[in-house]
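Engineer: Could you have a look at this structure, given as C-alpha cells, before my questions?
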C-alpha cells in the first residue's frame, strides 16, 4: 500500500472511531432512560401522587408529601434567585468595565463550579446552625445559590445581544438609566433570559446533595417553611438505599417523575431558544 | 429647570447603579461567604489535627480520631479513572460533531449527548445501584482466577466499588468535556484546516492541525470535566461502597470526600466530628476553585483569541444542561 493511501485509510479509521464515540455515549443514555421508563412506569400509579409514605413493612403508599415538598423548595429557590441573578446580570451588562462587574463574572463562574454538596454545607452554616433545626427555607436557599450564577451570566449575555442603539434611544428621549434598563433593554432580551431561568431550574430540580442537610426530610405532609420538608430526590435516595423491594419500586417511580420534571424544564428552554433564534433570523 | 431635572436624573442614575450594584455584590458575597463559613466551621479540626489530618488513615468518630487520606485518595483515584474513560470518548464526540457529522445530524446528536448532563445525579445513582453494579459484579466473577489475584482486580465480588464509581462518573463527565471541546474546535479559524488541506493533509491530519491550534482550550475542557468529577456526590456515594481505605484495586469498596459528607454530615454527634467533615468540604471547595479557574483561563485563551467572537464560553456548562 502506498504511503498516501495508508494515510487516507488511517484517517478513515479515526473518523469511524469518532462516530463510534458518539454511539458509545448514547448507550448509557439509552440504558438509563430504558430502565427509568420501564421500571418507573410499572410502579407508577395514582396512589404515588396522592398517598403518603407507608411505614416500613406495609405495601403501597406514595410520595405526595415529597412531590409537594420538592415543588415548594424549588419555588423558594426561584423566588430568591431570579431577582438577585437578574438584577446582578443587569448591573454587569450596564457597567461592564466596573471592577465589580469583573468580580461578579469571575465569582459567578466559580459558584457555578462549586460542588453542590459544599453549597449544602454553606446553607447549613447560614440557615440551619443558627436556629438548630432543618428547614425548607434552608433548602430553598441552597438551591437558589446554585441558580444565581446561571441566571446572572445568561442575563448579561442576552442583554449584550440587544443593540445598544435601543438604550441610547431611550436615554435620548429623557429616560433614566433604570428606565432604559428595566423597561427597554430587559423586555427586549426577555425570551433569552427566560431560557436561562429554565436552564437553571432544570439544573436544580434534580439536585439531592444540597438538600441532605438543609431541608432534610419529613415523613409527614407539611407546608411550613421553617420545618424539615420531604423532597422527591431525598426520598428516592432513602428508598434506593433501603433493603425493601417495595421501596425500590417506589424509588424508580420517583425517578421517572423527577426525570419528567427536569425534561419539561429542558424542553421548554429549548423551545424558547428555538423561537428566539427564528425571531432573530427574520 | 433643565438643570435641576438633569441633576435629578444623575441622582436617579446613581441610585440605579447602587441598587443594581448591591445585587451584584451579593453574588460576590456568596462565594466569599462559602469560604468564610467553611473556614470558620473547620477551625476546631484544623487546630487539633493540623496537617496530619491529610496523612491519617483512621476515621474513628467514636474515638475522635480523624484522618482524611482515604477520602482524598478515593476522590482523586475515581476522578482520574473516570477521566481516563471519558476523555477519548468526549473528544471523539467533539470531533465528530464539529468536523465530521453531516449537517442534518449535527443538532439532534448534540442534543442527545448533552441530554446526558440533564439526567439528575440521583437517577444515575439509582441506575448504578440496580443495573450497573450487578453487571460489574458478574464481570468480576467471570474474570479468570489468575487475574483476580492481581492487586488491580483483587477484592470481594461485591459489584460496588471503584470500577462502578469510575464508570458512572465517566458517563456524567462526558457531556461537559465534549460540549466545551466542541466550542473550542468551533473557535479554531478555518484557515488552520484549509492550510493543512492545501499541504495535502488527509481529513484526520487537518483535524489534528485544528486540535493543535486549540490544545490549551481542549486541555481546559478536560480539566473542567475533572472539576465536575471531583465534586460529584450522589451517584458516587451510591455505588462506591463507602469504605475508607487506600487501595489500587478497582473492585474494592472505597470512599470519596463528597460521599463521606453526604453520609455522615447529619450524624456528626460531636463538634470535632462536624468540624472534621467541614474541613473536608473546605478542601473540596479549594480544589474545585483552583481547577475551575484554571480551566476557564485555558478555554478563554482559545475562544477569545480571534478577538471578541460573538460567543462567551462561560455559559457552556449551563448550556450542556439544557
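Residue numbers (this note's numbering), protein chains in the order written: chain A, 498 to 779; chain B, 1436 to 1757. Using N, Cα and C, we set each Cβ at its ideal position, and we do this for glycine too. Computed from a predicted model, the values in this text were never measured in an experiment.
1) DSSP state of residue 1680 (chain B), grouped into three classes?
2) Which one or two residues does DSSP pair with residue 550 (chain A) in a beta bridge?
3) For a minimum of 4 consecutive residues, which ranges assigned as the alpha helix (DSSP H) are wholly contained in the segment 1491 to 1563 of chain B?
4) Can you find a CB in chain B that lies within less than 7 Å of the CB of residue 606 (chain A)?
5) For residue 1669 (chain B), decide whether its Cβ has a neighbour in chain A, counting only Cβ atoms nearer than 7 Å.
6) Using the three-state DSSP reduction, which class does residue 536 (chain A) fall into: helix, strand or coil?
7) Give the DSSP-derived three-state secondary structure of residue 1689 (chain B) in the structure shown.
8) For the alpha helix (DSSP H) holding residue 680 (chain A), just list the boundary residues, first then last.
9) For a contact defined as C-beta to C-beta under 8 Å, what are the partners of residue 669 (chain A) on chain B?
10) In the DSSP assignment, find the alpha helix (DSSP H) that holds residue 1643 (chain B) and state where it starts and stops.
11) Using the beta-carbon count (16 or more within 10 Å), is residue 1577 (chain B) buried or exposed?
12) Starting from residue 719 (chain A), trace the alpha helix (DSSP H) both ways and give me its first and last residue.
13) Between which two residues does the alpha helix (DSSP H) harbouring residue 662 (chain A) extend?
14) Looking only at C-alpha atoms, which of B:1475, B:1638, B:1505, B:1687 sits nearest to residue 1586 (chain B)?
15) For residue 743 (chain A), tell me which candidate among A:506, A:664, A:512, A:550 has the shortest Cα-Cα distance.
16) Based on Cα-Cα distance, which residue from A:546, A:606, A:517 lies nearest to residue 1466 (chain B)?
17) Assuming the contact rule is C-beta atoms closer than 8 Å, residue 727 (chain A) and residue 714 (chain A) should be a hit. Round their C-beta distance to whole Å, please.
18) Return the first residue and the last residue of the alpha helix (DSSP H) that residue 730 (chain A) is part of.
19) Taking the continuous alpha helix (DSSP H) assigned at residue 1708 (chain B), which residues delimit it?
20) I want to verify the contact list: residues of chain B whose CB lies under 7 Å from the CB of residue 511 (chain A), in sequence order.
21) Going by CA-CA distance only, name the one from B:1665, B:1647, B:1710, B:1549 that's closest to residue 696 (chain A).
22) Check whether the Cβ atoms of residue 643 (chain A) and residue 701 (chain A) lie closer than 7 Å to each other.
23) Can you give the beta carbon distance from residue 1676 (chain B) to residue 1595 (chain B), rounded, assuming they're within the 8 Å contact cut?
24) Contact between the segment 1451 to 1465 of chain B and the segment 585 to 599 of chain A is defined here as three or more beta-carbon pairs at a separation below 8 Å; is this criterion met?
25) Anything in chain B within Cβ reach of residue 597 (chain A), meaning under 8 Å, just list it in chain order.
26) Beta-carbon of residue 584 (chain A) versus every beta-carbon of chain B: anything under 7 Å?
27) Just to confirm, are residue 1700 (chain B) and residue 631 (chain A) a CB contact at a threshold of 7 Å?
28) Tell me, to the nearest whole angstrom, how far the beta carbon of residue 633 (chain A) is from that of residue 624 (chain A); I am working on the premise that it is less than 8 Å.
29) Using 10 angstroms around the beta-carbon of residue 1611 (chain B), count the other beta-carbons present and answer buried if the total reaches 16, otherwise exposed.
30) Would you verify that the beta carbon of residue 508 (chain A) is, or is not, closer than 7 Å to some beta carbon of chain B?
31) On the CB-based measure, 16 or more other CB atoms within 10 Å of its CB, does residue 731 (chain A) come out buried or exposed?
32) Which same chain residues end up closer than 7 Å to residue 1690 (chain B) when comparing Cβ atoms and leaving out the 5 residues on each side of it in sequence?
33) Within 7 Å of any Cβ in chain A, is that where the Cβ of residue 1718 (chain B) sits?
34) Check the C-beta distance from residue 752 (chain A) over to residue 1604 (chain B) and give it rounded, since I have them as a contact under 8 Å.
35) Could you name the residues of the same chain whose beta carbon sits closer than 8 Å to that of residue 1632 (chain B), not counting the 5 residues immediately before and after it, in chain order?
36) Give me the subset of the segment 717 to 742 of chain A whose CB atoms are less than 8 Å from a CB atom of chain B, sorted by chain position.
Structural biologist: The short version:
1) coil
2) A:558
3) 1504 to 1530, 1538 to 1553, 1556 to 1562
4) yes
5) yes
6) helix
7) strand
8) Per DSSP, residue 680 (chain A) belongs to no alpha helix (DSSP H) and is neither H nor E.
9) Ordered by position in chain B, no residue passes the 8 Å Cβ test against residue 669 (chain A), which lies about 13 Å from the chain.
10) 1638 to 1648
11) exposed
12) Here residue 719 (chain A) belongs to no alpha helix (DSSP H), and DSSP marks it neither H nor E.
13) 661 to 669
14) B:1687
15) A:550
16) A:606
17) 5 Å
18) 729 to 737
19) 1706 to 1738
20) 1639
21) B:1549
22) yes
23) 4 Å
24) yes
25) 1456, 1459, 1460, 1463
26) yes
27) no
28) Not a contact, Cβ separation roughly 10 Å.
29) buried
30) yes
31) buried
32) 1505, 1506, 1509, 1675, 1677, 1678, 1679
33) no
34) Contact doesn't hold; Cβ gap of about 19 Å is too wide.
35) 1641
36) 730, 733, 734, 737, 738
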